[in-house]
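Asker: Sharing a structure here in structure tokens format.
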Amino acid sequence: MKFKGIINRIKNSYNYTTRIEKAYFAFINFIRLTLVFAMISSIITQSWTALFVTILVLILTFLPYILEVSYKINLPLEFEFISVMFIYAAIFLGEVHDYYTYYWWWDIILHGGSAIAMGFVGFTIMYVLYRGKKITARPSTIATFSFSFALAIGALWEIVEFTVDQTFGLNMQRSGLVDTMWDLILDSVGALIASSLGYLYIKRREVFIISGVMKRFINDNPQLFKINKKR
């Protein structure tokens, strides 16, 4: 049943109407198409590790659809776009094409950007509970959770990097302890930015970057916030 729901969600993606939505969706599909070509190339060259990683990345690009069907929510298209881009940049470009070695700033951008994104995810989780009257919390408490959530995800990612390095003989952690500590510092900075913006959003409702996305998320998921759809 869930698989059928995911297929239907993918079909519904072709119903986007605005120019920006169509542009987002076209770019996401372009990314998936490059992964398919990369899989074919890996088979021809018998690069089986690259093939396995590319297949994994392609599957992960559909993760937003899986989350929507599993939890019966509607995620903003920006979330899907950022998720796909991060997965593609971190795993496919970073590991398969060795961007981490060629570009020293690649790891910095990915860790900082992902920490901000995860901070917003943590903020959204708490904000849903807060607006849905399921919890009573101060804005500072919600911001603290957002910060902690992003930092926890960053720490888990370091565990993933260590596990992959030990299992497949890769070098995701580069210089080991030094790389890990700088990654966690970047995660902390990104988490602080996201939690601060979330705090300001609760206080003012109008904050650059997140106001529009949050408004669409609330309107598309009235069941989470116990509000009337017409509102």
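Residue numbering for the sequence shown follows numbering that gives the first Met the number 0, beginning at 0 and increasing consecutively.
All C-beta atoms, glycine included, are put in the ideal place defined by N, C-alpha and C.
Note that the structure is a prediction, hence the values are computed from the model and not measured.
Who are the Cβ neighbours of Phe-144 in its own chain at under 7 Å, not counting the five residues just before and after it?
Answerer: Here residue 144 refers to the residue found at position 145 when the sequence shown is read from its first residue. Once the five neighbours on either side are set aside, the close Cβ partners of Phe-144 are Gly-121, Met-125.
Asker: Give me, in chain order, the residues of the same chain whose beta-carbon lies closer than 7 Å to that of Asn-11; leave out the 5 immediate sequence neighbours on both sides.
Answerer: In the sequence shown, the residue the question calls residue 11 occupies position 12. There are no such residues.
Asker: Compute the beta-carbon to beta-carbon distance between Phe-91 and Leu-34, rounded to the nearest angstrom, for a pair I have assumed lies under 8 Å.
Answerer: Counting from one through the sequence shown, the residue named residue 91 turns up at place 92. Counting from one through the sequence shown, the residue named residue 34 turns up at place 35. 7 Å between Cβ atoms; contact.
Asker: Would you mind giving the Cβ-Cβ distance between Ile-42 and Phe-80, rounded to the nearest angstrom? I have them listed as a contact below 8 Å.
Answerer: In the sequence shown, the residue the question calls residue 42 occupies position 43. In the sequence shown, the residue the question calls residue 80 occupies position 81. Not really, about 29 Å apart at Cβ, beyond 8 Å.
Asker: Just curious, the alpha helix (DSSP H) that Val-35 is in, first and last residue?
Answerer: Here the question's residue 35 lines up with position 36 in the sequence shown. Element bounds for Val-35: 18–44.
Asker: With the cut-off set at 8 Å, would you say Leu-57 and Leu-66 are in Cβ contact?
Answerer: Locating residue 57 in the sequence shown gives position 58, counting from the first residue. Locating residue 66 in the sequence shown gives position 67, counting from the first residue. No; because the gap between Cβ atoms is not below 8 Å, this pair is not in contact.
Asker: Nearest CA to the CA of Phe-51: which residue from Val-159, Ala-37, Ala-136, Pro-63?
Answerer: Residue numbering aside, residue 51 sits at position 52 when the sequence shown is read from its first letter. Nearest option by C-alpha distance: Ala-37.
Asker: Quick check: what's the CA-CA separation for Asp-219 versus Val-212?
Answerer: Your numbering for residue 219 matches position 220 in the sequence shown. Your numbering for residue 212 matches position 213 in the sequence shown. In this structure, the straight-line span from the alpha carbon of Asp-219 to that of Val-212 is close to 11 Å.
Asker: Less than 6 Å between C-beta atoms, sequence neighbours within five positions excluded: which residues of the same chain meet that for Trp-181?
Answerer: Translated into positions along the sequence shown, residue 181 becomes position 182. Here the set comprises nothing.
Asker: Kindly list the residues whose CB is nearer than 7 Å to the CB of Arg-130, restricted to its own chain and excluding five residues on each side of it in sequence; keep chain order.
Answerer: The residue labelled residue 130 in the question sits at position 131 within the sequence shown. The beta carbon of Arg-130 sits closer than 7 Å to the beta carbons of Phe-224 from its chain, once the five residues preceding and following it are set aside; these are given in chain order.
Asker: Any contact of the segment 194–202 with the segment 134–144, i.e. 3+ C-beta pairs under 8 Å?
Answerer: yes
Asker: Find out if the Cβ-Cβ distance for the pair Ile-30, Val-83 is shorter than 8 Å.
Answerer: As a working note, residue 30 is residue 31 in the sequence shown. As a working note, residue 83 is residue 84 in the sequence shown. Result yes, Cβ atoms of Ile-30 and Val-83 sit closer than 8 Å.
Asker: Roughly how many whole angstroms lie between the Cα atoms of Val-68 and Leu-62?
Answerer: By 1-based counting over the sequence shown, the position of residue 68 is 69. By 1-based counting over the sequence shown, the position of residue 62 is 63. Computed Cα separation, rounded: 10 Å.
Asker: So is Phe-216 buried or exposed if we call it buried at 16+ other beta carbons inside 10 Å?
Answerer: As a first step, residue 216 must be located in the sequence shown, where it is residue number 217. Burial call: buried.
Asker: Look up Gln-222 in the DSSP assignment and say whether it is helix, strand or coil.
Answerer: Stepping through the sequence shown from its first residue, residue 222 is reached at position 223. If DSSP states are grouped into helix, strand and coil, Gln-222 belongs with the helices.
Asker: Does DSSP put Asn-11 in a helix, a strand or coil?
Answerer: On the sequence shown, position 12 is the one that residue 11 refers to. Asn-11 falls in the helix class under three-state DSSP.
Asker: State the Cα-Cα distance for the pair Leu-128 and Gly-189, rounded to the nearest angstrom.
Answerer: Here the question's residue 128 lines up with position 129 in the sequence shown. Here the question's residue 189 lines up with position 190 in the sequence shown. One C-alpha to the other measures close to 23 Å.
Asker: Which residues bound the alpha helix (DSSP H) around Gly-153?
Answerer: On the sequence shown, residue 153 is found 154 positions in, with the first residue counted as 1. Counting along the chain, the alpha helix (DSSP H) containing Gly-153 begins and ends at 138–167.
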